[in-house]
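Q:
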Amino acid sequence: MPNWSYQELSVARPPERMTVSEWADRFRVLDRRISAKPGPWRTSFTPYLKDVMDYWTNPEIEEIVICKAAQSGGTEAALNCLGYSIDQDPSSALIVYPSLEIAEWTSENRIQPMVEASARLREKYLHHESDRLELQFPGMYLVLAGANSAASLASRPVRYLIFDEIDKYPPFSGKEASPLKLGKERTKSFSSNRKILYISTPTLSNKGIWLYMRSSDLILRYYVPCPHCGHLQKLRFPQIKWPEELTKTYDKLGDNLEERRRIGQQIRDSAWYECEHCTKPIYDKNKPEMLLKGKWRPDEKATGPVRRVAFHWNSLYAPMLTFGDVAAEFMSSKNLSETLMNFVNSWLAEPWEEKAAALKSDVVLKAAWTHSRGIVPKGTLVLTAGVDIQKGHMFYVVRAWGERLTSWLVDYGRCENWREVEDVVVNRQYRAEDRGDPFQVKLAMIDSGYRTDEVYDFCAIFSDVCKPVKGSSKPLRAPYSVSTIDKDEFGGLKLWIADGDYYKSLIHGRLRKEPGSYGSWMIFKNCPREYADQICAERKITLYDQRTKRTREVWEPISQHAQNHFLDAEVYAAVAADVLGVRYLSAEEREGFLEFSHYEQESNRQPDEWIPRTEGGWLRV
Numbered sequence: 001m002p003n004w005s006y007q008e009l010s011v012a013r014p015p016e017r018m019t020v021s022e023w024a025d026r027f028r029v030l031d032r033r034i035s036a037k038p039g040p041w042r043t044s045f046t047p048y049l050k051d052v053m054d055y056w057t058n059p060e061i062e063e064i065v066i067c068k069a070a071q072s073g074g075t076e077a078a079l080n081c082l083g084y085s086i087d088q089d090p091s092s093a094l095i096v097y098p099s100l101e102i103a104e105w106t107s108e109n110r111i112q113p114m115v116e117a118s119a120r121l122r123e124k125y126l127h128h129e130s131d132r133l134e135l136q137f138p139g140m141y142l143v144l145a146g147a148n149s150a151a152s153l154a155s156r157p158v159r160y161l162i163f164d165e166i167d168k169y170p171p172f173s174g175k176e177a178s179p180l181k182l183g184k185e186r187t188k189s190f191s192s193n194r195k196i197l198y199i200s201t202p203t204l205s206n207k208g209i210w211l212y213m214r215s216s217d218l219i220l221r222y223y224v225p226c227p228h229c230g231h232l233q234k235l236r237f238p239q240i241k242w243p244e245e246l247t248k249t250y251d252k253l254g255d256n257l258e259e260r261r262r263i264g265q266q267i268r269d270s271a272w273y274e275c276e277h278c279t280k281p282i283y284d285k286n287k288p289e290m291l292l293k294g295k296w297r298p299d300e301k302a303t304g305p306v307r308r309v310a311f312h313w314n315s316l317y318a319p320m321l322t323f324g325d326v327a328a329e330f331m332s333s334k335n336l337s338e339t340l341m342n343f344v345n346s347w348l349a350e351p352w353e354e355k356a357a358a359l360k361s362d363v364v365l366k367a368a369w370t371h372s373r374g375i376v377p378k379g380t381l382v383l384t385a386g387v388d389i390q391k392g393h394m395f396y397v398v399r400a401w402g403e404r405l406t407s408w409l410v411d412y413g414r415c416e417n418w419r420e421v422e423d424v425v426v427n428r429q430y431r432a433e434d435r436g437d438p439f440q441v442k443l444a445m446i447d448s449g450y451r452t453d454e455v456y457d458f459c460a461i462f463s464d465v466c467k468p469v470k471g472s473s474k475p476l477r478a479p480y481s482v483s484t485i486d487k488d489e490f491g492g493l494k495l496w497i498a499d500g501d502y503y504k505s506l507i508h509g510r511l512r513k514e515p516g517s518y519g520s521w522m523i524f525k526n527c528p529r530e531y532a533d534q535i536c537a538e539r540k541i542t543l544y545d546q547r548t549k550r551t552r553e554v555w556e557p558i559s560q561h562a563q564n565h566f567l568d569a570e571v572y573a574a575v576a577a578d579v580l581g582v583r584y585l586s587a588e589e590r591e592g593f594l595e596f597s598h599y600e601q602e603s604n605r606q607p608d609e610w611i612p613r614t615e616g617g618w619l620r621v
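Counting from 1, one number per residue, gives the positions in the sequence shown under the UniProt record's numbering.
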């Protein structure tokens with residue numbers, strides 16, 4: 001026989017007749033640094049991953065899309081496909097991460113430990129010929145790249161291509177095309193036998209993994225049998241149930257964090273899953289057997305050749321999570337659009353339907369409550385105002401705030417001069433719906449981006465109620481910051497700098513909530529459409545910053561002629577609510593609302609503590 005080297009023989013050896021899941025059960029070992037269940041891999045622990053992995057060796061499939069919940073096994077399945085390829089069918093491979101920093105971390109903390117932990121892979125690893133971002137094996141190189149670096153994606157052909165967390169990619173790689181397009185260009189030489197894998201939790205329905213999934217030739221979802229009636233069904237969040245009285249108790253607790261944790265634990269301990277067919281309760285002890293007997297089924301039959309197949313699953317399938325874990329996470333997330341978005345994306349593996357991105361005035365008008373214009377509704381704790389300054393006039397809104405940032409529009413309008421502004425935000429009393437004491441505006445934020453000195457003069461005169469505010473021209477680390485105006489004539493007047501994009505997202509996100517529910521954002525009944533039109537006069541878009549090499553979401557007018565003055569005024573009213581600490585205020589503490597001067601003293605707080613906290617509760621006026 002010729003005196004061939006081990007490497008030459010390894011390349012010549014045909015792959016064994018085994019699937020990726022069989023290979024993983026025989027040779028994959030999970031490292032204790034990154035796995036909650038270290039030791040030999042067992043597909044039976046996450047049986048829904050079996051077909052996901054085995055499609056990697058299906059010669060008819062070119063692309064696989066994994067739209068999944070966070071920490072539910074998708075990345076481990078991809079690593080099993082990679083390990084199989086190293087051992088059984090070596091060829092050039094590329095894995096693309098959102099950034100080079102993530103690629104380096106993953107190489108050192110996931111991929112190299114995976115190789116070292118498996119005796120089968122360790123013997124093939126050419127350690128001295130490798131570095132952090134390029135690992136060498138007999139007949140194969142593995143490159144790790146960052147979506148933010150065009151250089152790391154260029155000039156090398158690959159057969160295997162894995163895109164990880166694609167919804168976190170920038171839209172452009174440096175000054176070049178999309179990283180997804182650049183990466184796919186590398187597979188042209190292997191168009192007859194290439195494999196491309198897309199993995200991510202979803203974010204929005206009009207981008208990333210959700211688009212790839214919806215455009216697949218075949219979309220598969222995992223159906224499991226009811227242990228009582230045998231009915232096959234997808235695991236869906238609405239079928240998780242827990243005692244209704246716990247929800248009512250939880251919602252009444254306000255900001256009592258200790259009690260909320262206690263009730264949250266009761267929800268976690270008592271939750272169950274209700275079969276959609278027989279309505280009998282299914283408990284966590286039933287889930288392992290249900291998962292083992294589960295089957296992937298298509299949404300609808302494919303009408304032609306299947307080259308791209310998609311798999312979709314949520315956190316309810318994750319064996320390490322209970323039904324109660326999901327219920328408790330929802331309860332702790334549901335009152336803030338920011339945390340609810342994370343729950344929808346990372347736990348339910350569904351896109352966040354951002355009404356703000358395509359909001360219509362009808363959506364705003366549907367947020368009407370029962371109070372009339374100029375009347376302060378029941379549940380109000382404080383009034384704030386926002387004033388948008390224009391060349392010859394001013395636009396204002398007055399908004400009432402209740403517990404957990406629940407809010408109601410009390411009034412809006414246009415002022416022609418500063419005397420009228422003074423009447424609206426300083427002198428006017430607003431009658432309470434419950435016939436109690438009337439309300440006055442506690443804090444008004446007035447736009448100082450235009451007619452600046454006039455605004456400063458006005459705020460200096462009425463400094464107990466009015467403060468100047470200006471929108472930031474760049475993203476802030478916190479929703480707002482405070483600085484001192486560098487002009488002697490205004491005597492150390494403070495200026496608030498607000499992240500307008502943050503507050504517009506906050507406002508529009510809360511329009512998703514049912515009117516009357518905690519955290520909802522409402523208007524008075526019979527509100528004119530002119531107001532609603534201005535609230536939805538902007539849309540959210542994604543921009544790529546060439547300087548920072550990152551993407552960011554910003555708001556822009558839907559047209560050059562769209563007026564957005566009331567939206568800007570609402571932003572300033574929301575800033576005022578945050579400055580007053582309304583999100584930490586409960587109904588029992590209304591009478592003890594803090595004097596504003598306390599917050600001025602807190603202006604040097606760190607950005608990650610942008611809402612001031614007090615010791616011993618709220619001070620009484």
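Think of the CB as a built atom: it goes at the ideal place given N, C-alpha and C, for glycine as much as any other residue.
1) Taking its Cβ as the centre, do 16 or more other Cβ atoms sit within 10 Å of K513, making it buried, or is it exposed?
2) Any idea what DSSP makes of G82, helix, strand or coil?
3) Considering just the uninterrupted stretch of the alpha helix (DSSP H) at R33, what are its terminal residues?
4) Using a C-beta cutoff of 7 Å, does V326 count as contacting chain B?
5) Just to confirm the assignment: which complete beta strand (DSSP E) runs, minimum length 3, are found wholly within the segment 371-409?
6) Count the C-beta pairs between the segment 217-227 and the segment 290-299 that are closer than 8 Å, then say yes if the count reaches three, no if not.
7) Can you give me the start and stop residues for the beta strand (DSSP E) that E274 sits inside?
8) Which residue wins for smallest C-alpha separation from A562, given the options V554, R159, E530, L580?
9) Within 10 Å of its beta-carbon, does N564 have 16 or more other beta-carbons around it, so buried, or fewer, so exposed?
10) Closer than 8 Å is the cut-off here; do at least three beta carbon pairs connect the segment 88-108 with the segment 60-73?
11) What's the gap between the Cα of F395 and the Cα of K467?
12) Based on the DSSP output, what are the partners of T484 in its beta bridges?
13) Would you kindly work out how many angstroms separate the C-alpha atoms of F524 and P515, rounded to a whole number?
14) So K195 is in the beta strand (DSSP E); what residue range does that whole segment cover?
15) For E259, I'd like the list of residues in its chain whose CB is within less than 7 Å of its CB, leaving aside the five on either flank, ordered along the chain.
16) Return yes when the Cβ of R268 is within less than 7 Å of the Cβ of A328, no when it is not.
17) Only counting the same chain, and skipping five residues up and downstream in sequence, which positions put a Cβ closer than 6 Å to that of R414?
18) How many whole angstroms separate the CB atoms of V397 and L383, which I take to be in contact at a CB cut-off of 8 Å?
19) In the segment 271-351, which residue ranges form an unbroken beta strand (DSSP E) of at least 3 residues, counting only runs that do not cross its ends?
20) Mapping DSSP to helix, strand and coil, what is residue 626?
21) From D284 to F323, what does the alpha carbon distance come to, in whole angstroms?
22) With respect to 6 Å, is the separation between the Cβ of C226 and the closest non-hydrogen atom of the ligand SAH below this value?
23) Measure the C-alpha to C-alpha separation of E433 and K378 and round it to an integer number of angstroms.
24) Using the C-alpha atoms, what's the distance from R122 back to D25?
25) Given this structure, state the Cα-to-Cα distance separating T542 from V455, to the nearest angstrom.
26) With distances taken Cα to Cα, identify the nearest neighbour of D87 among A70, M140, S44.
27) Tell me the DSSP bridge mates of V554?
28) Can you tell me where the beta strand (DSSP E) holding Q233 begins and where it ends?
29) Below 8 Å on the Cβ atoms is my contact criterion, and I expect Y198 with I166 to pass it. Report the Cβ-Cβ distance as a whole number of Å.
30) In the DSSP assignment, what residue or residues form a beta bridge with Y141?
31) Going by beta carbon distance, what residues of the same chain come within less than 7 Å of L126, once the five residues before and after it are set aside?
32) What three-state label does DSSP hand P40 in the structure shown?
33) Using the beta-carbon count (16 or more within 10 Å), is N148 buried or exposed?
34) Under 8 Å Cβ to Cβ from I34, same chain only, skipping five residues before and after it: list those, please.
35) Could you tell me whether the segment 488-505 touches the segment 470-480, where touching means 3 or more Cβ pairs closer than 8 Å?
36) Excluding five sequence neighbours on each side, which residues of the same chain lie with their C-beta closer than 6 Å to the C-beta of S448?
A: Judging by the given coordinates:
1) Within the sequence shown, residue 513 is the residue found at index 513, counting from 1. Buried.
2) In the sequence shown, residue 82 corresponds to position 82, counting from 1. Here the sequence assigns Leu to residue 82, which means Gly is not the residue at that position. In this structure, L82 counts as helix in the three-state DSSP scheme.
3) Working through the sequence shown from its first residue, we reach residue 33 at position 33. Boundaries cannot be given for R33, as no alpha helix (DSSP H) includes it and DSSP labels it neither H nor E.
4) Going by chain labels, chain B is absent from the structure shown, which holds only one protein chain.
5) 382-389, 394-401, all fully within the segment 371-409.
6) Yes, the segment 217-227 is in contact with the segment 290-299.
7) Taking the sequence shown and counting its residues from 1, the one referred to as residue 274 is at position 274. Note, E274: beta strand (DSSP E), 272-274.
8) As a working mapping, residue 562 is identified with position 562 in the sequence shown. The shortest C-alpha separation from A562 is found at E530.
9) Locating residue 564 in the sequence shown gives position 564, where the first residue counts as 1. Around the beta carbon of N564, 16 or more other beta carbons sit within 10 angstroms, so the residue counts as buried.
10) Using a C-beta cut-off of 8 Å, the segment 88-108 makes no contact with the segment 60-73, since fewer than three inter-stretch Cβ pairs fall below that distance.
11) What you label residue 395 is simply residue 395 of the sequence shown in a count that begins at 1. What you label residue 467 is simply residue 467 of the sequence shown in a count that begins at 1. Counting only the Cα atoms, K467 lies some 16 Å from F395.
12) What you label residue 484 is simply residue 484 of the sequence shown in a count that begins at 1. DSSP, once it has assigned bridges, lists K494 as partnering T484.
13) Working through the sequence shown from its first residue, we reach residue 524 at position 524. Working through the sequence shown from its first residue, we reach residue 515 at position 515. In this structure, the CA atom of F524 is about 11 Å from the CA atom of P515.
14) The residue given as residue 195 occupies position 195 in the sequence shown. It spans 195-200 - the beta strand (DSSP E) in which K195 sits, taken as one unbroken run.
15) By one-based count along the sequence shown, residue 259 stands at place 259. Within the same chain, E259 has close Cβ partners L253.
16) The residue given as residue 328 occupies position 328 in the sequence shown. The residue given as residue 268 occupies position 268 in the sequence shown. The Cβ atoms of A328 and R268 lie closer than 7 Å to each other.
17) On the sequence shown, residue 414 is found 414 positions in, with the first residue counted as 1. Setting aside the 5 residues that flank it on each side, R414 is surrounded in the same chain by H393, F395, each with a C-beta closer than 6 Å to its C-beta; the list follows chain order.
18) Your numbering for residue 397 matches position 397 in the sequence shown. Your numbering for residue 383 matches position 383 in the sequence shown. No, V397 and L383 are not in contact; Cβ-Cβ is about 11 Å, not under 8 Å.
19) With a minimum length of 3 residues, the continuous beta strand (DSSP E) runs that stay inside the segment 271-351 are 272-274, 295-298, 308-313.
20) The structure shown has nothing for residue 626, since the chain only spans 1 to 621.
21) Here residue 284 corresponds to residue number 284 of the sequence shown, with the count starting at 1. Here residue 323 corresponds to residue number 323 of the sequence shown, with the count starting at 1. Computed Cα separation, rounded: 7 Å.
22) In the structure shown, the ligand SAH is absent, as is every other ligand, since no ligand is present at all.
23) Walking along the sequence shown from the start, residue 433 turns up at place 433. Walking along the sequence shown from the start, residue 378 turns up at place 378. Between the alpha carbons of E433 and K378 lies a gap of roughly 6 Å.
24) Mapped onto the sequence shown, residue 25 falls at position 25. Mapped onto the sequence shown, residue 122 falls at position 122. For D25 and R122, the distance between alpha carbons rounds to 16 Å.
25) Here residue 542 corresponds to residue number 542 of the sequence shown, with the count starting at 1. Here residue 455 corresponds to residue number 455 of the sequence shown, with the count starting at 1. The straight-line gap from Cα to Cα measures roughly 33 Å.
26) Counting from 1 along the sequence shown, the entry for residue 87 is found at position 87. Comparing Cα positions, the closest option is M140.
27) Mapped onto the sequence shown, residue 554 falls at position 554. Per DSSP, I541.
28) The count along the sequence shown starts at 1 and reaches residue 233 at position 233. Where Q233 is concerned, the enclosing beta strand (DSSP E) stretches over 232-234.
29) Taking the first residue of the sequence shown as 1, we reach residue 198 at position 198. Taking the first residue of the sequence shown as 1, we reach residue 166 at position 166. In this structure Y198 is in contact with I166, their Cβ atoms being roughly 6 Å apart against a cut-off of 8 Å.
30) As a first step, residue 141 must be located in the sequence shown, where it is residue number 141. Answer is Q136.
31) To locate residue 126, count along the sequence shown from 1; it is residue 126. Contacts found: Q136, F137.
32) As a working mapping, residue 40 is identified with position 40 in the sequence shown. Of the three classes helix, strand and coil, the one that applies to P40 here is strand, per DSSP.
33) For the purposes of this step, residue 148 is taken as the residue at position 148 of the sequence shown. By the beta-carbon neighbour count (other beta carbons within 10 angstroms, threshold 16), N148 is buried.
34) By one-based count along the sequence shown, residue 34 stands at place 34. The beta carbon of I34 sits closer than 8 Å to the beta carbons of N109, R110, P113 from its chain, once the five residues preceding and following it are set aside; these are given in chain order.
35) Output reads yes: the segment 470-480 touches the segment 488-505.
36) Walking along the sequence shown from the start, residue 448 turns up at place 448. Shown here for S448: same chain residues with a beta carbon closer than 6 Å to its own, the five before and five after excluded, namely V455, P468, K470 in chain order.
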